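**Student:**
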Amino acid sequence: MPLRFDQLDHKEFQDCTSVGMTEHEVVELAQAFRLYGFWRIDLDTGLYFATPDVFRIFEMDVTDGPLNLVEARARINPEDLPILMESFERTCSLKQSYHNIFRVRRGEDGWKFVRTVGKFRAKAGTSGEIVGITYEFFERLRTAAFSDEDE
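The following block contains the structure:
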């Protein structure tokens, strides 16, 4: 599978209140038709706290407290794990943002594409934390394609 490194284009913050929406409405709309989870990793403890949709994306039982990283890691495609781990390391050391598209096990014999966007966040008196969102990247839609070229 080809690997592509993108340069992040810093976008202007779009203030939803400028069009009369609340932040709650934005989150509600983003979550309306797909699993859309939020998470935080405490860098001092290594604990990964996540909303229920993150558990569902990884097809894990929703629990109180931190997500089991050993179980989650086992559900990530082994070919995708090194770049994902490198992203976490670079985010911590360079205090930056990142995004990855990677594969997570779907059922017993399939894979789904997931996108994670995260950023370093300073936290007084600690090494900081990484916060982010994770969602299924491709929706399960029926599609059709056509070509005018002769075979």
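Residue numbers (numbering that gives the first Met the number 0): 0 to 150.
Where a beta carbon is used, it is the ideal one built from N, C-alpha and C, also for glycine.
In this text the structure is predicted, and so the values were computed from the model without any measurement.
So Asp52 is in the beta strand (DSSP E); what residue range does that whole segment cover?
**Tutor:** To locate residue 52, count along the sequence shown from 1; it is residue 53. No beta strand (DSSP E) holds Asp52; the alpha helix (DSSP H) holding it covers 51-56.
**Student:** Given a threshold of 16 other Cβ atoms within 10 Å of its Cβ, counted over all protein chains shown, does Glu70 qualify as buried or as exposed?
**Tutor:** Here residue 70 corresponds to residue number 71 of the sequence shown, with the count starting at 1. Its Cβ having fewer than 16 others within 10 Å, Glu70 is exposed.
**Student:** According to DSSP, is Phe153 part of a helix, a strand, or is it coil?
**Tutor:** As displayed, the chain neither begins before 0 nor continues past 150, which places residue 153 out of reach and without an answer.
**Student:** To the nearest angstrom, how far is it from the Cα of Arg74 to the Cα of Asp52?
**Tutor:** Here the question's residue 74 lines up with position 75 in the sequence shown. Here the question's residue 52 lines up with position 53 in the sequence shown. Using only the alpha carbons, I get a separation of about 15 Å.
**Student:** In the structure shown, what three-state DSSP assignment does Ser181 receive?
**Tutor:** For the chain, the structure presents residues 0 to 150; residue 181 sits outside this window and is missing.
**Student:** Under the rule that 16 or more other beta-carbon atoms within 10 Å means buried, what is Glu128, buried or exposed?
**Tutor:** Numbered from 1 along the sequence shown, position 129 holds the residue referred to as residue 128. By the neighbour-count rule (16 or more Cβ atoms within 10 Å), Glu128 is buried.
**Student:** How far does the alpha helix (DSSP H) with Arg72 in it reach, from first residue to last?
**Tutor:** The count along the sequence shown starts at 1 and reaches residue 72 at position 73. From DSSP, the alpha helix (DSSP H) with Arg72 extends over 68-73.
**Student:** Give me the residue from Asp108, Ala121, Ile82, Thr125 with the minimum Cα distance to Arg114.
**Tutor:** Taking the sequence shown and counting its residues from 1, the one referred to as residue 114 is at position 115. The residue with the shortest Cα to Cα distance from Arg114 is Ile82.
**Student:** Taking the alpha helix (DSSP H) that Glu27 belongs to, which residues open and close that run?
**Tutor:** Along the sequence shown, read from residue 1 onward, the residue named residue 27 stands at position 28. Taken as a continuous stretch (DSSP letters only), the alpha helix (DSSP H) holding Glu27 covers 22-29.
**Student:** Name the residue from Met59, Thr125, Asn76 whose alpha carbon lies nearest to the alpha carbon of Cys91.
**Tutor:** Here residue 91 refers to the residue found at position 92 of the sequence shown. When only C-alpha atoms are compared, the closest one is Thr125.
**Student:** What's the gap between the Cα of Gly19 and the Cα of Val25?
**Tutor:** Walking along the sequence shown from the start, residue 19 turns up at place 20. Walking along the sequence shown from the start, residue 25 turns up at place 26. Straight-line Cα distance between these residues: approximately 11 Å.
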